[in-house]
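Student: Here you go, one structure.
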Amino acid sequence: MEHKELNLLNEALGFHNNNLYGRFVLVEDTVDTTAAFVLHQILKHSFSSHPSSSVIFLALSHPFSHYDRILRKIGCNLAAQRDNKRFFFIDMLMLQFPDEGKPNDVGFAAVFEKIESVIKALPQDNTKFVTIMIDDISFLQVAANGSSNDVLDFLHYCYTLTSEYGCAFIALDHKDIYLNEEKPAIISEMEYLADILVKAEPLATGLAKDVHGQLMVLHKQHGISPVKIHNFHFKIKENSIECFYPGTKI
Amino acid sequence: MAATRTRGSSFSRNVSTVTSQNSGLKHGPNGTTFLSSGIPDLDKILGGGYTLGSLVMIMEDAEAPHHMLLLRNFMSQGLIHKHPLLYASASRDPKGFLGTLPAPASAKEDKTRDLTNEKDLRIAWQYKKYFDPQLNISSNNESYLCCTGAQQDYCNDLDLRKPLDRHFYSGMNVGCVSIQDSPDLASLQDQCAKFLSQFSRNEANISSAGRIAIQSFCSPQCKFANMEWHMLSFIRSLKAMARSSNAVVLVSFPPSLLSPSCSKRLQHMADTLLSVRAIPDEDKEMAKLLTGYQDMVGLLNVHKVARLNTQVPVILETTTFSIKLHKRRYLVLECLNQAPVDGSSGSSYNTSGSCSGSTKAGSLDF
Chain A
4 MEHKELNLLN EALGFHNNNL YGRFVLVEDT VDTTAAFVLH QILKHSFSSH
54 PSSSVIFLAL SHPFSHYDRI LRKIGCNLAA QRDNKRFFFI DMLMLQFPDE
104 GKPNDVGFAA VFEKIESVIK ALPQDNTKFV TIMIDDISFL QVAANGSSND
154 VLDFLHYCYT LTSEYGCAFI ALDHKDIYLN EEKPAIISEM EYLADILVKA
204 EPLATGLAKD VHGQLMVLHK QHGISPVKIH NFHFKIKENS IECFYPGTKI
Chain B
61 MAATRTRGSS FSRNVSTVTS QNSGLKHGPN GTTFLSSGIP DLDKILGGGY
111 TLGSLVMIME DAEAPHHMLL LRNFMSQGLI HKHPLLYASA SRDPKGFLGT
161 LPAPASAKED KTRDLTNEKD LRIAWQYKKY FDPQLNISSN NESYLCCTGA
211 QQDYCNDLDL RKPLDRHFYS GMNVGCVSIQ DSPDLASLQD QCAKFLSQFS
261 RNEANISSAG RIAIQSFCSP QCKFANMEWH MLSFIRSLKA MARSSNAVVL
311 VSFPPSLLSP SCSKRLQHMA DTLLSVRAIP DEDKEMAKLL TGYQDMVGLL
361 NVHKVARLNT QVPVILETTT FSIKLHKRRY LVLECLNQAP VDGSSGSSYN
411 TSGSCSGSTK AGSLDF
């Protein structure tokens, strides 16, 4: 089983060298090529990374049943993890802050407090092995009626958890939404803050049944070592992801 | 682990049984259920139909009303299957639109349609042998299913020249809403919420499914047309409500009237994303390039197909289809065929794929 996990994506994300704890991973995709599978892969791996690891999942796109079914096929039982208090699913599908009335930051503060309270409620030693995932960021701005500042404040607060508690922070956003904006504040700031950037794009040559897209994983090592880039193609299957260098698909 | 099955899961067209005689629902993969779009070819392209719980968005072309064809067939099919319907549009009298819905064709006319399709396909049939034999098996099964009564129950051939009988929509389960005069979307959202609460999902058998059709969302006649974030919030909450109910929400919108980023956000929100385009009349270049150009009414693009409960994307053989009216009555979708090149340069080049859009493979095998 372990040998199967040594694929390019896991290597690129650095699963067996150093885990993602204490780092911020930003996953970007487009309408043509979704990168949700990267989240599923990271989600599965986070449970096996450490016996007392836990995941806090802020869901804005899909309900629990969707992830449960998908993860089951790739060998992870989310319902059981939820019962074991290792998986905390925060359903924010209907999150919407009113236009008038309480300002957005109050609403976002409540969400952040919820996350923090979950972390604080964990046993002392386990707080080092928490992964926070957001699927996906673009809905936060819709919930905030377009206010990018409030969304950025919230995301900054989440980012501080990586240093305060050593959490891993993973977020998904859609790159093509911001292409035409004059000041794409959210995506630019997130790309700047991110330690690892994962970009999914369609193939330049168009659709293909055997290759679903191309993935670029960028490690920003702040400090002495330069940026490390991994580029490969992928094919998404029900119970695994096949990753291969361009042109090597058999 | 994944390779032991003979049919790869991302290819398997589910030759699935109808759940109950007249419910108009069909089991899909991964615990999903389909209902028919009202267009047999589109159901096949999408792998069964529209998934219950999904949001279908149609990007309109400002120059052509082809999205109306998709809307009408969707609504009509739902009424035939007695699926409760909520219809919203920006016109003053949305109820009047119901009078333009197509009626199911009479049985005699259906048989002739099947036969003529098969005759046309014999020419392309010789290329079938180059394609995956497993794909042939599945499409063979499907064609068999088409000829039997079961398929007719699920999806009717709708005759666009015959209006739907009044008794289909005079009942209590059809609601029409005009959004022209409302200052914001709050009332529409409440009505949708109330409508969808009838179909909330639980693990028990699905008794009935609901359909919501919203026509030309964010068209300029609506007062809220400038409030982009408001509209995005509405669609987002509609998507979330649909997800937890046994209903399909179909929304058509004109992307040219929105800012690019707002349009992209809507495209991301859609589970199934289609777009329709007009075909310019008398375009000599296109007439040379494509066969059957004269009969084409428009083009349909399938950008995204709903993948609920699974991470595997649907990759179609082709994503652009021509919209044609068979006998000026029935909506058919066909793959685009490149016209044969002039004899001097060699063999003709036919780019039609084996997309299940128009292939009902016969039993002939050369």
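From first to last, the protein sequence lines are chains A and B. Just add 3 to the spot in the first sequence (first one is 1) and you have my numbering. Just add 60 to the spot in the second sequence (first one is 1) and you have my numbering. All C-beta atoms in this analysis are idealised placements derived from N, C-alpha and C, irrespective of residue type, glycine included. Note that the structure is a prediction, hence the values are computed from the model and not measured.
By Cβ distance, which residues of its chain are closer than 6 angstroms to A:F18, with the 5 residues on each side in sequence left out?
Tutor: Stepping through the first sequence from its first residue, residue 18 of chain A is reached at position 15. Once the five neighbours on either side are set aside, the close Cβ partners of A:F18 are H48.
Student: For A:L182, is the classification buried or exposed, using 16 other Cβ atoms within 10 angstroms of its Cβ as the cut-off for buried?
Tutor: Position 179 of the first sequence, counted from the start, is the residue given in the question as residue 182 of chain A. When all chains shown are included, A:L182 counts as exposed.
Student: Mind pulling the beta strand (DSSP E) runs of 3 or more residues that sit fully within the region 214-271 of chain B?
Tutor: With a minimum length of 3 residues, the continuous beta strand (DSSP E) runs that stay inside the region 214-271 of chain B are 218-223, 234-238.
Student: Within a Cβ cutoff of 7 angstroms, which residues of the same chain sit near A:F40, ignoring the five residues on either side of it in sequence?
Tutor: Position 37 of the first sequence, counted from the first residue, corresponds to residue 40 of chain A. Cβ neighbours of A:F40 beyond the five flanking positions: I239, I244.
Student: Mind checking if A:L155 is an interface residue toward chain B, Cβ cutoff 9 angstroms exclusive?
Tutor: On the first sequence, residue 155 of chain A is found 152 positions in, with the first residue counted as 1. So, not an interface residue.
Student: Going by the CB atoms, is the gap between A:H236 and A:L206 shorter than 9 angstroms?
Tutor: One-based indexing of the first sequence puts residue 206 of chain A at position 203. One-based indexing of the first sequence puts residue 236 of chain A at position 233. A contact, by the Cβ cut-off of 9 angstroms.
Student: Could you tell me which uninterrupted alpha helix (DSSP H) segments, each at least 4 residues in length, are contained entirely in the region 297-368 of chain B, listed from first to last along the chain?
Tutor: Within the region 297-368 of chain B, the complete alpha helix (DSSP H) runs of at least 4 residues are 320-329, 344-349.
Student: Apart from the five residues just before and just after B:L106, which ones in its own chain have a Cβ nearer than 6 angstroms to its Cβ?
Tutor: In the second sequence, residue 106 of chain B corresponds to position 46, counting from 1. Excluding positions up to five away in sequence, the list reads V365.
Student: Measuring alpha carbon to alpha carbon, tell me which of B:A246, B:L334, B:M291, B:L145 ends up nearest B:A269.
Tutor: Translated into positions along the second sequence, residue 269 of chain B becomes position 209. Among B:A246, B:L334, B:M291, B:L145, the Cα nearest to that of B:A269 is on B:L145.
Student: Could one say the Cβ of A:K2 lies closer than 9 angstroms to chain B's Cβ atoms, at least one of them?
Tutor: The displayed coordinates of chain A run from 4 to 253. Any statement about residue 2 of chain A would go beyond what the structure contains.
Student: Please identify the residue among B:Q137, B:V308, B:C252 whose C-alpha is closest to the C-alpha of B:D219.
Tutor: Along the second sequence, read from residue 1 onward, the residue named residue 219 of chain B stands at position 159. It is B:Q137.
Student: Flag this pair as yes or no: are the beta carbons of B:A307 and B:I339 separated by less than 9 angstroms?
Tutor: Here residue 307 of chain B is taken as the residue at index 247 of the second sequence, counted from 1. Here residue 339 of chain B is taken as the residue at index 279 of the second sequence, counted from 1. Going by C-beta atoms, B:A307 is not nearer than 9 angstroms to B:I339.
Student: Answer yes or no: does any C-beta atom of chain B fall closer than 9 angstroms to that of A:T37?
Tutor: Position 34 of the first sequence, counted from the start, is the residue given in the question as residue 37 of chain A. True, the Cβ-Cβ gap to chain B drops below 9 angstroms.
Student: Thinking C-alpha only, which one of A:V201, A:T208, A:C246 is nearest A:I232?
Tutor: As a first step, residue 232 of chain A must be located in the first sequence, where it is residue number 229. It is A:V201.
Student: So, at 6 angstroms on beta carbons, what are the nonlocal neighbours of B:P243 in its own chain, with the 5 sequence-adjacent residues on each side left out?
Tutor: Locating residue 243 of chain B in the second sequence gives position 183, where the first residue counts as 1. Same-chain partners within the cutoff: K283.
Student: Should B:A246 go down as buried or exposed, given a rule of 16 or more other Cβ atoms within 10 Å for buried?
Tutor: Looking up residue 246 of chain B in the second sequence gives position 186. It counts as exposed.
Student: Which residue spans inside the region 113-154 of chain A form an unbroken beta strand (DSSP E) run of at least 3?
Tutor: Runs of the beta strand (DSSP E) inside the region 113-154 of chain A: 133-138.
Student: Would A:M136 pass as a contact of A:I173 if the rule is Cβ separation under 9 angstroms?
Tutor: In the first sequence, counting from the first residue as 1, residue 136 of chain A sits at position 133. In the first sequence, counting from the first residue as 1, residue 173 of chain A sits at position 170. Taking 9 angstroms as the Cβ cut-off, A:M136 and A:I173 qualify as a contacting pair.
Student: Please say whether B:C236 and B:F134 have beta carbons closer to each other than 9 angstroms?
Tutor: As a working note, residue 134 of chain B is residue 74 in the second sequence. As a working note, residue 236 of chain B is residue 176 in the second sequence. Against a cut-off of 9 angstroms, the Cβ pair of B:C236 and B:F134 comes out as no contact.
Student: Does the CB of B:M119 have a neighbour CB from chain A at under 9 angstroms?
Tutor: For this step, residue 119 of chain B is matched to residue 59 along the second sequence. Chain A, which has no Cβ nearer than 9 angstroms to the Cβ of B:M119, makes this no.
Student: Quick check on the burial criterion: 16 or more other C-beta atoms within 10 angstroms. Buried or exposed for B:K86?
Tutor: Walking along the second sequence from the start, residue 86 of chain B turns up at place 26. Classification of B:K86: buried, given that the 10 Å Cβ count is 16 or more.
Student: Which residues bound the beta strand (DSSP E) around A:A62?
Tutor: In the first sequence, residue 62 of chain A corresponds to position 59, counting from 1. Here the beta strand (DSSP E) through A:A62 covers 57-62.
Student: Cα-Cα, which of B:G231, B:A330, B:S319, B:C278 is closest to B:L298?
Tutor: Mapped onto the second sequence, residue 298 of chain B falls at position 238. It is B:A330.
Student: Relative to the C-alpha of B:L385, which candidate in B:E120, B:R221, B:S151, B:I140 has its C-alpha closest?
Tutor: Within the second sequence, the letter at position 325 stands for residue 385 of chain B. The shortest C-alpha separation from B:L385 is found at B:R221.
Student: Consult DSSP for A:C161 and reduce its assignment to one of helix, strand or coil.
Tutor: Position 158 of the first sequence, counted from the first residue, corresponds to residue 161 of chain A. If DSSP states are grouped into helix, strand and coil, A:C161 belongs with the helices.
Student: State yes or no: is the C-beta of B:V357 within less than 9 angstroms of the C-beta of B:H126?
Tutor: The residue given as residue 357 of chain B occupies position 297 in the second sequence. The residue given as residue 126 of chain B occupies position 66 in the second sequence. Their beta carbons are under 9 angstroms apart, which means B:V357 touches B:H126 by this criterion.
Student: Please tell me whether A:M136 has its Cβ less than 9 angstroms away from any Cβ of chain B.
Tutor: Your numbering for residue 136 of chain A matches position 133 in the first sequence. Judged by the 9 angstroms Cβ criterion, A:M136 is not in contact with chain B.
Student: Where do the N-terminal and C-terminal ends of the alpha helix (DSSP H) with A:H48 fall, by residue?
Tutor: As a working mapping, residue 48 of chain A is identified with position 45 in the first sequence. Residues 39-52.
Student: Give the DSSP-derived three-state secondary structure of A:K186 in the structure shown.
Tutor: Reading the first sequence from its first residue, position 183 is the one you call residue 186 of chain A. Coil.
Student: Assuming B:C252 and B:M301 form a contact by the criterion Cβ under 8 angstroms, report the distance between their Cβ atoms to the nearest whole angstrom.
Tutor: To locate residue 252 of chain B, count along the second sequence from 1; it is residue 192. To locate residue 301 of chain B, count along the second sequence from 1; it is residue 241. Contact holds; Cβ gap of about 7 angstroms.
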